[in-house]
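Notes to accompany the following structure.
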Amino acid sequence: MPKKVKWLEEPIPENYPKAADYLRLVVNEHAVEATSLALEAAPITFHKAKDILRAAGLQLLTAENPHVARYLKLIREGGRLAPILLVRGNLPAAVPLHIADGYHRVCATYLTNENTDIPVQLADLTL
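Per the UniProt record's numbering, residue 1 is the first one in the sequence shown, and the count goes up by one each step.
Structure representation (structure tokens):
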């Protein structure tokens, strides 16, 4: 039977700059700064691993991916994962959800149990 995924209560502070680095690839600096502030202020909510991947339109990475493998090992050892940072998509505009930080953690969680509720901070893109 797979181990239950354990979570930290809050994101690790250094994950916010990592999310900002990702956002710089898809939006301008003003939007990065505003959205980063919104992410930091967002409450923790819970969403299933399978729903996060589906909303983001991303493929599931396999256990052979070295980053996913590292998180799977941490899960097996009973370690805690940091919550995921998400930027809300826009369904009518065909804009997917963006995993600003935590794609590999989502994949490792999915491989452990796709129905796992993942703690996330979810913010709207602020332009």
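Built from N, CA and C at the ideal position, the CB exists for glycine as well. It should be emphasised that the depicted structure is a prediction, and the values quoted were computed from it without experimental measurement.
> How about Thr-109 and Thr-116: are their beta carbons less than 8 Å apart?
Replying inline: Taking the first residue of the sequence shown as 1, we reach residue 109 at position 109. Taking the first residue of the sequence shown as 1, we reach residue 116 at position 116. In contact: Thr-109 and Thr-116 (Cβ atoms closer than 8 Å).
> Would you say Ala-56 faces chain B, with C-beta separation under 8 Å as the test?
Replying inline: Absence of chain B from the displayed structure is noted, only one protein chain being present.
>> Between which residues of its own chain and Leu-61 is the CB-CB distance below 7 Å, once the five residues before and five after are set aside?
In response: Counting from one through the sequence shown, the residue named residue 61 turns up at place 61. Cβ neighbours of Leu-61 beyond the five flanking positions: Val-68, His-104 and Cys-107.
>> Excluding the 5 residues flanking Val-5 on each side, which residues of the same chain have their C-beta closer than 6 Å to its C-beta?
In response: Locating residue 5 in the sequence shown gives position 5, counting from the first residue. These residues qualify, in order along the chain: Ile-75, Thr-109, Thr-112 and Thr-116.
> How many whole angstroms separate the CB atoms of Leu-122 and Ala-56, which I take to be in contact at a CB cut-off of 8 Å?
Replying inline: Taking the sequence shown and counting its residues from 1, the one referred to as residue 122 is at position 122. Taking the sequence shown and counting its residues from 1, the one referred to as residue 56 is at position 56. That belief does not hold up - the Cβ atoms of Leu-122 and Ala-56 are roughly 12 Å apart, past 8 Å.
>> On the DSSP bridge list, what partners appear for Thr-45?
In response: Here residue 45 refers to the residue found at position 45 of the sequence shown. Paired residues: Val-120.
> At a cut-off of 7 Å, is Val-5 close to the ligand MN when judged by its beta-carbon and the heavy atoms of the ligand?
Replying inline: You won't find the ligand MN in this model; it holds no ligand whatsoever.
> How many Å lie between Val-87 and Pro-13 at the Cα?
Replying inline: Position 87 of the sequence shown, counting from 1, holds the residue named residue 87. Position 13 of the sequence shown, counting from 1, holds the residue named residue 13. Cα to Cα, Val-87 sits roughly 17 Å from Pro-13.
> What's the call for Thr-35, buried or exposed, on a 16-neighbour Cβ count within 10 Å?
Replying inline: Along the sequence shown, one-based indexing puts residue 35 at 35. Under this definition Thr-35 is a buried residue.
> On the three-state DSSP scale, how would you describe Val-5?
Replying inline: Counting from one through the sequence shown, the residue named residue 5 turns up at place 5. Residue state, collapsed to three classes: coil.
>> Taking the straight line between their C-alpha atoms, what separation do you get for Glu-40 and Tyr-22?
In response: On the sequence shown, position 40 is the one that residue 40 refers to. On the sequence shown, position 22 is the one that residue 22 refers to. If you take the alpha carbons of Glu-40 and Tyr-22, they lie about 15 Å apart.
>> So, with DSSP's three-state summary, where would you put Ala-100?
In response: Position 100 of the sequence shown, counted from the start, is the residue given in the question as residue 100. Strand.
>> Can you tell me whether Gly-79 is buried or exposed? The criterion is at least 16 other CB atoms within 10 Å of its CB, across all chains shown.
In response: Mapped onto the sequence shown, residue 79 falls at position 79. Per the 10 Å Cβ criterion, exposed.
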